[in-house]
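**Student:** Using numbering that gives the first Met the number 0, you'd call the opening residue of the sequence shown number 0 and step up by one each time.
Beta carbons: idealized from backbone N, C-alpha and C, even for Gly.
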Amino acid sequence: MVAAMTLTTRFAPSPTGYLHLGHAFSARMAWAKARAAGGRFLLRLEDIDSTRCKPDYADAILEDLRWLGFGWDGEVRVQSAHLAEYTAVLNRLEDRGLLYPCFCSRSEIMQAQAAPHSGEVMYPGTCKALSAAERAERTASGRKYARRLDVTKAVRETGALRFFEESTGWVDAVPQRLGDVVLARSDVPTSYHLCVVHDDALQGITHVTRGEDLLAATHTHTLLQKLLGLATPVYAHHKLLMDDNGKRLAKRDGAPTLRAMRLAGEDAVTVLKQLTESAV
Ligand code: GLU
């Protein structure tokens, strides 16, 4: 007999700035889904990038969510406290020969891109072609390197894959869309893709709700889940909230933060009402 799984959602922001309405929209979707089903809503801080993440932002996330009334269940998972777990997962893939070192800088990758499309940076595979001797020589010279997933090899192992998109049904996964993603950065011994897949499974997430900007990543995550023997959750990619000029809300463009709204005396009910209106 299969035990029924409790519907479990999560909100997984990176504390690199204060939350804005776009985050509130995403958080509400996950929170409301869990509450409607009598399930669990979990909070995870994706803070592996120690240069960009700040404890002040992490504290503000908790405060803002409480202010909006989106209480979470259980402990907050803080990724930076679990680096050894991610390394263990990485090593499993390394031992299977599914990773290769990449010595390219970001600007080299941008220059070598054959056909940049839709803002996705597709790695052209430069370092995959290096010989064992070249790799050894570069590593010995102390050059920093990232580790990338060999997607062609990985797909050969897994065969065809798919994931379930809540509003439209089954989607054939095409992990080649993002190509040979980084699973360990040169400055951090893991990456977003590795951590998110590991943590979604560990935390028993049954439904991932997140912005449609991460749809391509979901194709990659489906592959990683299969490689690691993890269940693939149901996905719901939501539209991104836009500003009055039709531009996606972003902290770098000065989108008003929830904190600023709160300090300006706005009440949470009014903010939540704006979210409902933006959703149509
Ligand atoms: N940490 C990611 C972000 O803040 C979200 C990851 C996810 O929902 O899978 O954009």
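#1: Just reading off the alpha helix (DSSP H) that GLY21 is part of, what are its end residues?
#2: For LYS225, count neighbouring C-beta atoms within 10 Å of its own C-beta (all shown protein chains included) and say buried if the count is 16 or more, exposed if not.
#3: Give me the Cβ distance between TYR99 and LYS127, rounded to the nearest whole Å; I'm assuming they're in contact under 8 Å.
#4: Between THR151 and GLN175, what straight-line distance do the alpha-carbon atoms span, to the nearest angstrom?
#5: Using DSSP with H/G/I as helix, E/B as strand and the rest coil, what is MET260?
#6: Please name the residue in LEU148, GLY203, SER13 whose C-alpha comes closest to that of ASP94.
#7: In terms of residue numbering, what span does the beta strand (DSSP E) encompassing ASP55 cover?
#8: If we ignore side chains and look at the alpha-carbon of each, how far apart do ALA216 and SER106 end up?
#9: Return the bridge partner residues of ASP171 from the DSSP annotation.
#10: Buried or exposed for ALA87, please, with buried defined as at least 16 other CB atoms from any protein chain shown within 10 angstroms of its CB.
#11: Closer than 6 Å is what we want: which residues have a beta carbon that near any heavy atom of ligand 1? List them in chain order.
#12: For the region 18-31 against the region 173-188, do three or more pairs of beta-carbon atoms, one drawn from each stretch, fall closer than 8 Å, so that the two count as touching?
#13: Quick check on MET280: does DSSP put it in helix, strand or coil?
#14: Can you tell me whether THR219 is buried or exposed, with buried defined as 16 or more other CB within 10 angstroms of its CB?
#15: If the criterion is Cβ atoms closer than 7 Å, does the pair ALA172 and PHE162 meet it?
#16: Following the continuous alpha helix (DSSP H) through ARG137, name the residue where it begins and the one where it ends.
#17: Throw me the rounded Cβ distance for the VAL270 and LEU262 pair, which I believe falls under 8 Å.
**Tutor:** This is what the structure gives:
#1: 20-35
#2: buried
#3: 6 Å
#4: 8 Å
#5: MET260: helix per DSSP, three-state reduction.
#6: LEU148
#7: No beta strand (DSSP E) contains ASP55, which is instead part of the alpha helix (DSSP H) from 54-67.
#8: 21 Å
#9: ASP171 is bridged to ARG161.
#10: With fewer than 16 other Cβ atoms within 10 Å, it is exposed.
#11: ALA11, PRO12, SER13, GLU45, VAL195, ARG209, LEU213
#12: no
#13: Outside the shown range of the chain, which is 0 to 279, sits residue 280, and nothing can be said about it.
#14: buried
#15: Yes; because the gap between Cβ atoms is below 7 Å, this pair is in contact.
#16: For ARG137, the enclosing alpha helix (DSSP H) covers residues 131-139.
#17: That belief does not hold up - the Cβ atoms of VAL270 and LEU262 are roughly 12 Å apart, past 8 Å.
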